[in-house]
Amino acid sequence: MLTSEPGQLPVIAVALPFVGALVISTLGRWQNLREAASFATAAALLLAILPLWPVVADGGRPGMILAEPIAGMPIALQVEPLGLLFAVVAAALWPVTILYAIGYMRGHHEKNQTRFFAFFAMAIGATLLVAFAANLFTLFLGYELLTLLTFPLVTHHGTAKARAGGMRYLGILLGTSLAFLLLAIIWTWQLSGSGDFLAGGLLAKDTDPATLTLLYLLFAFGIGKAALMPFHGWLPAAMVAPTPVSALLHAVAVVKAGVFCVLKITYYIFGLDLLQDSGASDVVAYIAGATILIAALIALRQDNLKRRLAYSTISQLSYIVLGAALATSTGMLGGGLHILAHAVAKITLFFCAGAILVAAHKSSVSELHGIGRAMPITMTAFFIGAITLIGLPPTIGLWSKWLLGSAAVESGHFVLLLVLLLSSLLNIVYLLEIPAKAFFSTAPAAAEYRQGAVKEAPLPSVIAICLTSAACLALFFFPQPFYALLAGLS
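One gets the numbering used here by counting positions in the sequence shown from 1 and adding 677 to each.
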């Protein structure tokens, strides 16, 4: 039974993308109608989610039980600040990604475009199921569903390379979740008698610290989508997918589902006080720190642009895991805000990489000397996305990194503060090299750049790039609504 009108909205939000996918599938022969249906579904989703903001900001937690297939293990939804932030990020970036995908898929003459848009929609639906999960059981269902629904997107091209990348993607994500995450959920149920997300944490305060440490490690590694090393290999393997899928994986849904789960389980299952008192999350904090530096060093050596961005994602995701593992309110705020910062920055960078591929047919960093004169809008947007990840003003990345650094100081982890500073320097090297080559390289530019044979990508893609890069800047000046939302965690 519906609990209240706001309680219906999360159910509607989860259902809408699946309904939209059905409509998209029936319109496959009419390209314009299919894409219009994608936009309409995305707009309806945003309209369903935004009214939840004032309710949750005022302390409301709308939701409802959908079913109870096993006694005491309901499939239930509840909206709280972290979940709402994640849902808003996914819902707001979906229509922009559709706009970009229209230009990319047509410009690149991709096959099976109807299947692409339909599975993309369903992946957003699974993302929202994760975002609004009221307990570990529902979270696990949404998490696994998201893996399965994105597999056809990763293998979209149908080549041997795409299938191999897809199998690695599926193998690592399903393997970690079934071997570690499921075990952690069962163990939590055995310790607490419940799997509900509770403010302040579900686990008893007298739980043995060694047990807590092992359980936290199981959750951290079981959530393979967070890409902690050594369970990160699925992410570079998935770069065989079309660029709009890479944007989905890195910015909108998959990796964000991973780090969101780490934040939510940290806050609602363990609780910050319990983790601080026991030190149970310290091991994961240092694993995250190692992942930040190692992935950044690997990114330095990647000439393929998408692979460089993939290793950048692995590094940046661990900023969010680190924010959770520091077990302070400042770290949680910084981690939550970095979900937003990384989303708008990384989607911009992948949009730019795809635009370069479509317009110039280049995929390597070494081929980009002088491309800024042919694609100035794209490369300017790339620069904005890059400085956002570095954490420079005037971008939203400054605020999230400032909070994460402050959390490291608060918790006394000065080595991890040094990790954050070193990684930002590495970000400068491997990210700013690209616009520097594009605009200022003295090496001979490719003839097609000099002669005007290369132009910007199709207009829909360029508009999408401008929107996401503008968001990187605008959120620097207007972060307060997100601060206020996350400050209401309870």
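Cβ coordinates follow ideal geometry from the N, Cα and C atoms, glycine included.
On the three-state DSSP scale, how would you describe residue i?
i, result
"T680", "Note that T680 scores a pLDDT of 41, beneath 50, so its modelled location is shaky; the value from the coordinates is reported in the next line. T680 falls in the coil class under three-state DSSP."
"E821", "helix"
"N1104", "helix"
"L743", "strand"
"D883", "coil"
"D980", "coil"
"P1071", "coil"
"I900", "coil"
"S1041", "strand"
"A789", "Just to set this straight, residue 789 is Asn in the shown sequence, not Ala. Correct three-state label for N789: coil."
"L875", "coil"
"M957", "The identity of residue 957 in the sequence shown is Ala, whereas the question assumes Met. Three-state DSSP puts A957 in coil, outside helix and strand."
"M750", "strand"
"A810", "strand"
"V688", "helix"
Taking the straight line between their C-alpha atoms, what separation do you get for residue i and residue j?
i, j, result
"T680", "A924", "With a pLDDT of only 41 at T680, under 50, the local geometry of the prediction cannot be trusted, and no value is derived from it."
"Y846", "A914", "7 angstroms"
"I900", "L858", "6 angstroms"
"V1021", "F695", "24 angstroms"
"T804", "M916", "20 angstroms"
"V1106", "V1096", "15 angstroms"
"D873", "A1084", "27 angstroms"
"K838", "Y988", "19 angstroms"
"A767", "T920", "17 angstroms"
"Q953", "A748", "34 angstroms"
"H833", "L818", "24 angstroms"
"L895", "V1139", "42 angstroms"
"V688", "G740", "8 angstroms"
"A1141", "R1050", "20 angstroms"
"Y781", "A918", "13 angstroms"
"I1016", "L743", "28 angstroms"
"G877", "W911", "33 angstroms"
"A1063", "P731", "32 angstroms"
"S702", "G870", "43 angstroms"
Measure the Cβ-Cβ separation of residue i and residue j and say whether it is below 7 angstroms.
i, j, result
"A967", "L1045", "no"
"A1210", "L949", "The structure shown does not extend to residue 1210, since the chain is modelled only from 678 to 1167, so the question has no answer here."
"E1087", "T1007", "yes"
"A904", "L776", "no"
"L1066", "N1104", "yes"
"I942", "L879", "no"
"I752", "T824", "no"
"V1178", "A714", "There is simply no residue 1178 to check, as the chain begins at 678 and stops at 1167 in what is shown."
"V773", "L1144", "yes"
"A698", "M799", "yes"
"R783", "Q755", "no"
"V936", "Y893", "no"
"N981", "S1040", "yes"
"V932", "K902", "yes"
"L889", "A957", "yes"
"L686", "L729", "yes"
"L1163", "G1013", "yes"
"T1072", "C1149", "yes"
"F1059", "P1135", "no"
Would residue i be called buried (16 or more neighbouring beta carbons within 10 Å of its own) or exposed?
i, result
"L1152", "buried"
"Q790", "buried"
"N812", "buried"
"D959", "buried"
"L1090", "The sequence given here has His at residue 1090, not Leu. So H1090 ends up on the buried side."
"K983", "buried"
"T836", "exposed"
"W707", "exposed"
"V939", "buried"
"A720", "exposed"
"S1100", "buried"
"V1092", "exposed"
"E712", "buried"
"A810", "buried"
"I991", "buried"
"I863", "exposed"
Check the C-beta distance from residue i over to residue j and give it rounded, since I have them as a contact under 8 angstroms.
i, j, result
"G636", "P758", "Residue 636 lies beyond the stretch modelled for the chain, which goes from 678 to 1167, so this question has no answer here."
"A1036", "V922", "Actually they are not in contact, since the Cβ atoms of A1036 and V922 sit about 19 angstroms apart, beyond 8 angstroms."
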